[in-house]
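Here the protein sequences line up with chains G and A, keeping their order. Our numbering numbers the first residue of the first sequence as 292 and each following residue consecutively. Our numbering numbers the first residue of the second sequence as 277 and each following residue consecutively. Below you'll find the structure, written out as structure tokens, and then a few comments.
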Amino acid sequence: MSTAGAPGYAPRSLAVPALIGLAFLLLPLAALVARVEWSTFLADVTSVAARSALLLSLGTGVIATLLCILIGVPLALTIARSGPRTAALLRAVVTVPLVLPPMVGGVALLYLFGRAGWLGGLGIAFSTPAVVLAQTFVALPFLVLAVEGAVRTAGVDYERTAAALGAGRWTILRRITLPLAAPGIVAGVVLCFARAIGEFGATALFAGNRPGVTQTMPLAIYTAFNGAGVTQGTAVALALLLLAAAIVVLLLVRGWRPGAAR
Amino acid sequence: MSAGLQSHVIVRREHFTVEVALQVAVGETVAVMGPSGAGKSTLLQALAGLQSLDAGEIAVEGRVVDRVSKPRVRTPPMDRGVVLLGQEPRLFPHLTVRENVAFGPRAAGTDVRAARVGADDWLVRVGLPGAGDRMPRDLSGGEQQRVAVARALAASPSVVLLDEPLVALDPETAGDIRRMLREQLASTTTVAVTHDAADAVALAERLLVVEAGRVTQSGPVREVLAAPASGFVASIAGVNRLVGVADGGGWRRGEMRLTSAAAGSRALAATDGAALAAVFRPGDVRVDGGEQSWSAVVTRVEPTLGGMRVHTDAGAVDLSLDAGAGAAPGDVVRLQIDPALVRFVAVR
């Protein structure tokens with residue numbers, strides 16, 4: 292007997308600011324689409340620079356998202372099952388990269404992985420792995436917070452029931468905990484991937500802007516706008532491509548609904 | 277007896293300590309009743325492994341699963357062979373009914389096909405044939421509880437714990453499921469916490485009464501209900517229980533006296549002054565005076581399911597509707613009961 296979607300009693304006049312909000316989000320995108328130079332669009336988005344930037348973005352974005360799932364889901368489970376004080380502390384720690392300007396994150400990563408850094412010996416800075424690390428650093432909090440909320444909401448009652456029926460810890464995780472948190476995990480993965488392929492600041496400082504190696508879509512767009520190498524038309528075309536990619540991912544993920552989704 | 281469950285549970289709570297020794301033979305069902313907050317749920321949680329003991333020991337079919345003294349044992353819930361069935365069915369919402377029932381066998385390593393066939397058999401046994409493909413949210417509360425029973429028993433546990441599994445259901449549905457439980461639990465070692473004497477009578481061989489963390493009475497269900505050792509047991513059995521003293525082969529409470537030549541009760545032979553409870557059914561009390569009656573001033577009258585409860589200066593007495601009709605606060609009534617219909621129970 293869900294009441295989600297019922298009209299409720301919010302003041303009708305709130306429709307005005309609500310429409311303004313919607314317009315504020317959509318108008319800039321419309322303006323962007325309006326500036327697309329359709330005659331050169333195909334050439335722009337299939338140019339070598341554009342293709343390598345797109346592939347690099349998608350590749351690093353996917354790897355970063357997988358990394359986030361691998362370390363973020365366990366972290367989210369840990370926070371969700373901690374006592375209130377520990378959970379609050381851990382949640383604050385996880386939130387830091389979220390509120391930090393990405394540039395600062397990039398500087399921090401550079402001081403850790405850069406030549407003089409603690410882990411400088413790995414030689415990661417200004418390479419493709421650095422792009423992945425920068426994306427993981429800024430995207431991880433989105434995944435952790437979304438999954439943590441879902442796991443905490445699901446509670447431990449079903450886990451206890453499963454344990455009483457003789458299920459081991461891995462079985463409970465696989466068949467109960469993760470499926471029940473699936474809507475949160477899906478939301479977290481979407482946010483995480485979107486944040487990863489949109490990452491600019493930390494990547495620019497920590498990975499640099501080398502075409503084909505560290506120049507992802509956002510960096511390519513920035514470079515294009517600054518007039519180096521490609522034209523402004525290319526920048527607009529690339530931006531549209533990134534927008535389209537984001538929408539496709541959203542639709543794909545929303546289309547895939549696990550049985551748990553209600 | 278061969279032991280299905282042997283336990284001595286000691287759990288310290290903020291205001292009192294739960295200390296219950298409970299033995300259940302293989303295949304036996306023991307009902308546990310007690311007022312709210314008496315520690316019944318704590319007992320079940322401890323047996324299930326969801327609550328750690330402060331002292332004591334729990335053994336399931338001879339295997340120690342919990343022991344506080346050394347060598348310390350603390351078997352996690354999944355390895356105890358104990359399944360707890362609570363008020364909420366808690367069916368896994370993302371799994372079909374069949375997958376819910378097959379969950380225990382699957383976790384134990386049964387292959388998918390065999391577990392599904394077994395689950396369908398269990399659904400037939402709990403009265404839900406063909407419901408395997410439905411989702412829990414599409415079932416009524418009673419149907420969900422049936423599935424929960426099937427799921428619990430399909431896991432072939434050594435011990436089943438019931439924590440008021442019928443309390444959230446309407447009386448008719450509860451009655452149906454009580455009958456089903458009676459059939460399905462006949463050969464299962466079971467501890468059933470309930471607040472309804474009907475559950476105890478229908479499901480259990482023995483009844484354990486727990487009040488303020490302690491066992492206050494235990495024995496065969498009907499014997500306990502017939503000789504209530506406390507006001508709580510009298511209330512669940514629906515009988516009157518007035519505590520007085522043995523007095524010259526009879527019973528006395530203030531002005532009230534009951535003597536009977538026929539009363540060969542051993543309790544009545546108690547030493548004069550020993551505390552003795554008179555237990556009698558509401559329907560056996562009359563308000564017309566006569567021999568062996570006592571007068572009492574009515575202070576309050578409240579309706580009960582079976583008649584009236586008349587509170588007097590001499591204690592509260594439940595009466596049938598006929599006898600209680602007309603009684604009003606301030607009235608002086610003469611209550612009378614045939615001593616042959618009274619059971620005298622020694623008060624410990």
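We put the CB at the ideal spot given by N, CA and C, even for glycine.
- Quick one: which unbroken beta strand (DSSP E) runs of 3-plus residues sit fully inside the stretch 454-511 of chain A? Chain order, please. 465-469, 482-487, 490-496
- Could you give the distance in angstroms between the alpha-carbon of A616(A) and the alpha-carbon of G489(A)? 35 Å
- As assigned by DSSP and simplified to three states, the class of F556(A): strand
- Message: Suppose the cutoff is 6 Å on Cβ atoms and the five residues either side in sequence are ignored; what does the same chain contact list for L410(G) look like?
- Response: L403, F404
- Query: What are the boundary residues of the alpha helix (DSSP H) that N376(A) is part of?
  - Reply: 373-383
- Start and end of the alpha helix (DSSP H) containing Q669(A)? What the structure shows of chain A is the stretch from 277 to 624, and residue 669(A) is not part of that stretch, so it cannot be assessed.
- Message: For I334(A), count the other beta carbons within 10 Å of its own beta carbon; 16 or more makes it buried, fewer makes it exposed. Which is it?
- Response: buried
- Task: Output, in chain order, the set of chain G residues within a Cβ distance shorter than 7 Å of R366(A).
- Result: D448, Y449, T452
- Helix, strand or coil at D626(A) according to DSSP, with G and I counted as helix: Residue 626(A) cannot be examined here, being either before or after the span of chain A that is shown, 277 to 624.
- Message: Using C-beta distances below 6 Å, list every residue in its chain close to L284(A), excluding the 5 sequence neighbours before and after it, in chain order.
- Response: First, the amino acid is wrong: residue 284(A) is His here, not Leu. The answer, listed in chain order, is A297, G332, E333.
- Label W527(A) either buried or exposed according to how many other C-beta atoms from any shown protein chain fall within 10 Å of its C-beta, with 16 as the threshold for buried. buried
- Task: Take S373(G) and list the residues in its own chain whose beta-carbon comes closer than 8 Å to its own, dropping the five residues that flank it on each side.
- Result: L381
- Positions along the stretch 321-332 of chain A whose CB lies within less than 7 Å of some CB in chain G: A324, L326
- Close Cβ partners of G408(A) (< 7 Å) along its chain, the five nearest in sequence each way excluded: T372, V373, R374, A395, D396, L399
- Query: Where does A551(A) land, buried or exposed, given buried means 16+ other C-beta within 10 angstroms?
  - Reply: exposed
- Message: Are the CB atoms of Q612(A) and L562(A) within a distance shorter than 9 Å?
- Response: What sits at residue 562(A) in the sequence shown is Arg, not Leu. In this structure, Q612(A) lies closer than 9 Å to R562(A) by Cβ.
- Message: Under 8 Å, CB to CB, which of the residues in the stretch 349-373 of chain G have a partner in chain A?
- Response: none
- Are the stretch 499-507 of chain G and the stretch 293-308 of chain G touching by the rule of at least three beta carbon pairs closer than 8 Å? no
- Message: Counting only C-beta atoms, is G380(A) closer than 9 Å to chain G at any point?
- Response: yes
- Message: Strictly below 9 Å CB to CB, what residues from chain G border L360(A)?
- Response: R451, T452, A455
- contact_flag[the stretch 416-433 of chain G, the stretch 385-400 of chain G] where n(CB pairs < 8 Å) is 3 or more: yes
- Buried or exposed (CB count within 10 angstroms, at least 16 for buried), T337(G): exposed
- Query: If I467(G) sits next to F368(A), beta carbons under 8 Å apart, how far is it from one beta carbon to the other, in whole angstroms?
  - Reply: 6 Å
- Message: With a threshold of 9 Å between beta carbons, is V287(A) in contact with chain G?
- Response: no
- Can you find a CB in chain G that lies within less than 9 Å of the CB of G357(A)? yes
- Task: Examine the Cβ distances between the stretch 469-480 of chain A and the stretch 415-424 of chain A and report whether three or more of them are shorter than 8 Å.
- Result: no
- Message: I'd like the list of long-range same chain contacts for G550(G), defined as Cβ closer than 6 Å, with 5 residues on each side in sequence excluded.
- Response: Because G550(G) sits at a pLDDT of 42, beneath the cut-off of 50, its placement in the model cannot be relied upon, and the following sentence gives the value as read from the coordinates. Nothing listed; no residue qualifies.
- Would you call the stretch 391-399 of chain G and the stretch 440-455 of chain G touching, i.e. three or more CB-CB distances under 8 Å? no
- Which chain A residues are close to I467(G), counting only those with a beta carbon under 8 Å from its beta carbon? F368
- Query: Within this structure, are the beta carbons of V294(A) and V486(A) separated by less than 9 Å?
  - Reply: yes
- Does the beta carbon of L371(A) come closer than 9 Å to any beta carbon on chain G? yes
- Query: Using 8 Å as the Cβ pair cut-off and three pairs as the minimum, do the stretch 358-369 of chain G and the stretch 525-539 of chain G touch?
  - Reply: no
- Task: Classify G520(A) as helix, strand or coil using the three-state DSSP reduction.
- Result: strand
- Query: Which value, in whole angstroms, describes the spacing of the CA atoms of P579(A) and L484(A)?
  - Reply: 29 Å
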